[in-house]
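Asks: Quick one: the structure is below, and I'll ask about it shortly.
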Ligand code: ATP
Ligand code: MG
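Numbering (UniProt numbering), first residue to last: 25 to 745.
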């Protein structure tokens, strides 16, 4: 046995070893949080390469987030000591690879654009202006959701329109639409086609469609992917499932890992049954279960286990701790959110005094909006922190602008054009843009082409349009011979963009550009010689902020969804209140169980210590804010109370939860009695219905024991006497 292999295998337990060495056929690992699933998966990759001799380029490894993909790439790079780490990517990222090679099959150019939310918003802006819509008709974020819903449910075959219809036909369809949703939807399809843009849905749909239509291409990919491995399989959705089913169709080697207790994307179409019924869908499936936990202390595990045990609809499994420690899980109840934040900050300071780095501390929450007080407190107490939110870094204005310059050089697309043609100021303002827009509409060309055609027109006198054109054209012909980082620095300089920021004294924005240059540089290092600009642009388009590797010593703040699959030494889970976590949007029993799984995911990220907190106060609608049921779910002997809510508050909370559960059960408060009916009320006893107050969903009842008639809500159960 070789040395590396021994090294590799001695880091695994028996079950993991079995998973790693069972290379052929369909293998499913079902195991709890922190049991080493992801570790088994990455070691399996190394085993295939180092021991069996498979080329990394013939392995596909799918993870759930870009951050997870980066970590995996890193781990595997270390394990196999080879720069070629094959296809380690998210489903979307992998589809980009497919389309980069084979988009010609649907007559799309190789350098299609991957669209992110901001691109979509820019398109919406064009559509809104053209059709006189305002945000009062629909906010951009609602419009994006609507488009996604249309693509997934209403017109699942929309992609055929994109592929087969001419730009003209799409435009006609858009112009003929009268319903606001249709206008937005077809306007969007038209804009997409116009710049050969693809959003996340399209990436998957197009890939699948290519495989369906073109047998040779399908076979090529099937043959190439000798081994396929998928992490976080519990959150796979229908179209991802179809795609992977196709991909493993030739070699039939598919290895999946998942934990049913960690499904947290049902709301977006994830279906746990793909994991649970895997053995029925594929032949001779070998299932491996693991129940040792290497991540967390026994106390943290007990808390997690007793929480998730309250879900009725689940396979029972308990995790056994492999770590040792005496630290308890702390729970703090604050009278106000300031008090809660203060407590968190003080705990962080305490940890920091014990030589624990800030970067080993993470604060998790259900929704972004709860961070405001927390941020204020951290700032006040001078605790450095950074927020990992959706698409923050790459959504910053200057970063987007810089990338638009790169895209302009590469694609000359309208979106980039509109963003930067007048940044810095080139005197191409509204009037001249309208002129260009008219030309574009009349000639069906891009804005850049329009500008080039019209630059001699008197209307562009006194502008820097010519300089802009020569700048872009000069870079377009040379960028392929230069490194991306060189091109970036150079264009920021020669376009006058950086100078503009300098003169406005905006240091923070300049810092962000420096950070972007660093990111490009890191990318080049990771790709080696062949780092190409178009690839880089696709790469960042798939990026969300959580992927920016931030090694500086700061406390991390993020949502629970963003923390999926990751682990942190010290975890604070804050704002554990009814209406926040569980979210007030929860309206079914299934929804509540998903919230509980989400809480389980949150708590099971913690390795050494876990701090739970919430605070009293009022919700936006003025109602009282109660501690979360998830705190009450935990076996109380595993929690150490730092400051306990008063008994009366606990009693009220239980009462509140009791009633809220009746609604989850599908209970609808409605009228069941008529005027004159004799009834019995739990507290007031016998009475008679005097009238129905239907606008208030209540009865007027005269009770025998009480002199004046009382208003009683439909909500409380009363019996017929
Ligand atoms: P999750 O469900 O949260 O994704 P997971 O099952 O993927 O968790 P990993 O992230 O692979 O778990 O492992 C959790 C931690 O335990 C990691 O720090 C990992 O390095 C460690 N670990 C895994 N297996 C072993 C082992 N056999 N010996 C020691 N440590 C291990
Ligand atoms: Mg994992």
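The beta-carbon is built from N, C-alpha and C at its ideal position, and this holds for glycine as well. Just so it is clear, the structure is predicted and the values come from calculations on it, not from any experiment.
Is the beta carbon of residue 283 within less than 6 Å of some heavy atom of the ligand ATP?
Replies: Result yes, Cβ under 6 Å from the ligand ATP.
Asks: Counting only runs of 4+ residues fully inside the stretch 632–658, write out the alpha helix (DSSP H) ranges in chain order.
Replies: Listed in chain order, the complete alpha helix (DSSP H) runs (minimum 4 residues) inside the stretch 632–658 are 653–657.
Asks: Note down, one range per segment and in chain order, each beta strand (DSSP E) of at least 3 residues found wholly within the stretch 565–634.
Replies: Complete beta strand (DSSP E) runs here, min 3: 579–583 and 592–597.
Asks: For the ligand MG, I want to know if residue 61 counts as a neighbour, meaning its beta carbon is within less than 6 Å of at least one of the ligand's heavy atoms.
Replies: For the ligand MG, at least one heavy atom lies less than 6 Å from the Cβ of residue 61.
Asks: Cβ of residue 664 within 7 Å of Cβ of residue 354?
Replies: Yes, the pair counts as a contact, with Cβ atoms nearer than the cut-off.
Asks: Can residue 709 be considered in contact with the ligand MG, in the sense that its beta carbon sits closer than 6 Å to one or more heavy atoms?
Replies: No.
Asks: Output yes or no for whether 7 Å exceeds the beta carbon distance between residue 126 and residue 80.
Replies: No, Cβ-Cβ distance for residue 126 and residue 80 is not below 7 Å.
Asks: Which same chain residues end up closer than 6 Å to residue 319 when comparing Cβ atoms and leaving out the 5 residues on each side of it in sequence?
Replies: Cβ within range, chain order: 58, 591 and 631.
Asks: Relative to the alpha-carbon of residue 187, which residue among 54, 161 and 222 has its alpha-carbon at the smallest distance?
Replies: For residue 187, the nearest C-alpha among the options comes from 222.
Asks: Can you check which of these residues, 143, 347, 51 and 211, is closest to residue 157 by C-alpha distance?
Replies: For residue 157, the nearest C-alpha among the options comes from 211.
Asks: Say whether the stretch 537–555 touches the stretch 350–364, bearing in mind that this needs 3 or more beta-carbon pairs closer than 8 Å, one atom from each stretch.
Replies: In short, these stretches do not touch, since the Cβ pair count stays below three.
Asks: Should residue 536 be counted as a contact of the ligand ATP given a C-beta to heavy atom distance under 6 Å?
Replies: No, the Cβ of residue 536 stays beyond 6 Å of every heavy atom of the ligand ATP.
Asks: Which class does residue 322 belong to by DSSP, given the choice of helix, strand or coil?
Replies: Helix.
Asks: Keeping to the same chain, check which residues put their C-beta closer than 8 Å to that of residue 491; ignore five residues upstream and five downstream.
Replies: Here the set comprises 450.
Asks: Taking its Cβ as the centre, do 16 or more other Cβ atoms sit within 10 Å of residue 694, making it buried, or is it exposed?
Replies: By the neighbour-count rule (16 or more Cβ atoms within 10 Å), residue 694 is not buried but exposed.
Asks: Closer than 6 Å: is that where the CB of residue 589 sits relative to any heavy atom of the ligand MG?
Replies: Yes - the ligand MG has a heavy atom lying nearer than 6 Å to the Cβ of residue 589.
Asks: Return yes when at least one heavy atom of the ligand ATP lies under 6 Å from the C-beta of residue 36, else no.
Replies: Within the cutoff, so yes.
Asks: By the 10 Å Cβ neighbour count, where 16 or more other Cβ atoms means buried, how is residue 35 classified, buried or exposed?
Replies: Answer is exposed; the Cβ neighbour count stays below 16.
Asks: Counting only runs of 4+ residues fully inside the stretch 433–490, write out the alpha helix (DSSP H) ranges in chain order.
Replies: Counting only runs of 4 or more, we get 438–444, 454–467 and 471–478.
Asks: Quick check on this structure: which residue in 443, 555 and 408 has the alpha carbon closest to the alpha carbon of residue 422?
Replies: Out of 443, 555 and 408, 443 has the C-alpha closest to the C-alpha of residue 422.
Asks: With DSSP as the reference, identify every bridge partner of residue 736, one or two as the case may be.
Replies: The partner list for residue 736 (beta bridge, DSSP) reads 723.
Asks: One question on the structure: do residue 326 and residue 662 come within less than 7 Å of each other, judged by their Cβ atoms?
Replies: It is a contact, given that the beta carbons lie within the stated cut-off.
Asks: Heavy atom of the ligand ATP less than 6 Å from the Cβ of residue 319, yes or no?
Replies: Under cutoff, so the answer is yes.
Asks: Starting from residue 353, trace the beta strand (DSSP E) both ways and give me its first and last residue.
Replies: 353–358 is the extent of the beta strand (DSSP E) around residue 353.
Asks: For residue 367, count neighbouring C-beta atoms within 10 Å of its own C-beta (all shown protein chains included) and say buried if the count is 16 or more, exposed if not.
Replies: Buried: at least 16 other Cβ atoms inside 10 Å.
Asks: Please report the distance separating the alpha-carbon of residue 297 from that of residue 714.
Replies: Going by the C-alpha atoms only, they are around 52 Å apart.
Asks: Helix, strand or coil, according to DSSP, for residue 386 in the structure here?
Replies: Strand.
Asks: List, from N- to C-terminal side, the beta strand (DSSP E) runs of 3 residues or more that fit wholly inside the stretch 195–256.
Replies: Counting whole runs of 3 or more residues, the stretch 195–256 contains the beta strand (DSSP E) stretches 251–254.
Asks: Should residue 273 be listed as close to the ligand ATP, given that the test is whether its C-beta is under 6 Å from any heavy atom?
Replies: No, the beta carbon of residue 273 sits no closer than 6 Å to any heavy atom of the ligand ATP.
Asks: Just to confirm before moving on: does the CB-CB distance between residue 371 and residue 635 stay below 7 Å?
Replies: Yes, the Cβ-Cβ distance between residue 371 and residue 635 is below 7 Å.
Asks: Who pairs with residue 310 in a beta bridge, going by DSSP?
Replies: In DSSP, residue 310 forms a bridge with 51.
Asks: Specify the secondary structure class of residue 35 as computed by DSSP and reduced to three states.
Replies: In the structure shown, residue 35 sits in coil (DSSP, three-state: anything other than H, G, I, E or B).
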